[in-house]
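Okay, structure first, notes after.
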Amino acid sequence: MLRRKALAGVAIAAASGVGAFLLRQRTAQRAEKVDLHFGDGTMVSLAPGDPGADALLGLGRKALRSARD
Amino acid sequence: MEPAQALADLVEISSQIEAVVLLAEDGSIAATTLSDDERARELATTAQEIVAGAAELEQREATQIEVALLDGSVFVVRSGGRTILATTRPDPTVGLVLYDLRSCLRNAAGEAPKPRRSRTRSRAKTGGDDAAA
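In the order they appear, the protein sequences are chains A and B. For what it's worth, this note's numbering labels the leading residue of the first sequence as 4, then goes sequentially. For what it's worth, this note's numbering labels the leading residue of the second sequence as 215, then goes sequentially.
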């Protein structure tokens, strides 16, 4: 009985760990960013805090609000 | 093809797109999926601000811009003087959205359309793989 409870505890802990790992990966994939593509095929990716990125992210939020309000 | 028809086709084929505004070369609204004129004007203004902001940053004009946010994404694509802005749900399939927006611009400009992407095929490709397009 005690052994079964211990195994259940280990299984729950392992499942929680896997869940936390997957959630962290998912959140990381959905990080905010701005991608600029140019006619010559080049692309510039900006992260929050990069020069000019926050202004464009702010405009993006404004666009989503306008579209959804 | 009329701009309004091009937009109707776009939202029919792309379930990821929520709202769209298409701007003519002079910046006026050629077509939109929004029923509220004021919101459509706001979105059009924002599209122009995004294009201007990106151009100022890199000292050259971007043809495609993606602003990815946690609660959705905003895409701006320019071609032949026209600009299209679309908002999507979070975590869209970027390649497919950009392909559909480029096709919409081409259709609205009256160019010969490329073969349409079927809904069935688009669902099969939306496995989170952006390289699908």
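Even for Gly, the Cβ is constructed at its ideal location relative to N, Cα and C.
Annotation: Cβ neighbours of Val47 of chain A in chain B (cutoff 7 Å, chain order): Glu272. Contact between the stretch 300–314 of chain B and the stretch 221–236 of chain B is present: 3 or more CB-CB pairs across the two stretches fall below 8 Å. Among the residues facing chain B, Asp57 of chain A is not included, as its CB has no counterpart in that chain under 8 Å away.
Using a C-beta cut-off of 8 Å, the stretch 243–261 of chain B makes contact with the stretch 57–71 of chain A, since at least three inter-stretch Cβ pairs fall below that distance. In the DSSP assignment, Ser293 of chain B falls within the beta strand (DSSP E) that extends over Gly286 to Ser293. With contact defined as three or more Cβ pairs closer than 8 Å, the stretch 41–55 of chain A and the stretch 235–249 of chain B are not in contact. Ser293 of chain B and Gly52 of chain A have their C-alpha atoms some 29 Å from each other. The beta carbon of Ala238 of chain B lies closer than 6 Å to those of Ala244 in the same chain, with the five residues before and after it left out.
Between Gly267 of chain B and Leu49 of chain A, the CB-CB gap reaches or exceeds 8 Å.
Annotation for Asp251 of chain B: the continuous alpha helix (DSSP H) segment containing it runs Asp251 to Glu272.
At a cut-off of 8 Å between beta carbons, Val288 of chain B contacts chain A. Taken in chain order, the complete beta strand (DSSP E) segments of 3 or more residues contained in the stretch 29–61 of chain A are 36–41 and 46–49. Pairing Leu271 of chain B with Val235 of chain B gives a Cβ-Cβ distance that is not under 8 Å.
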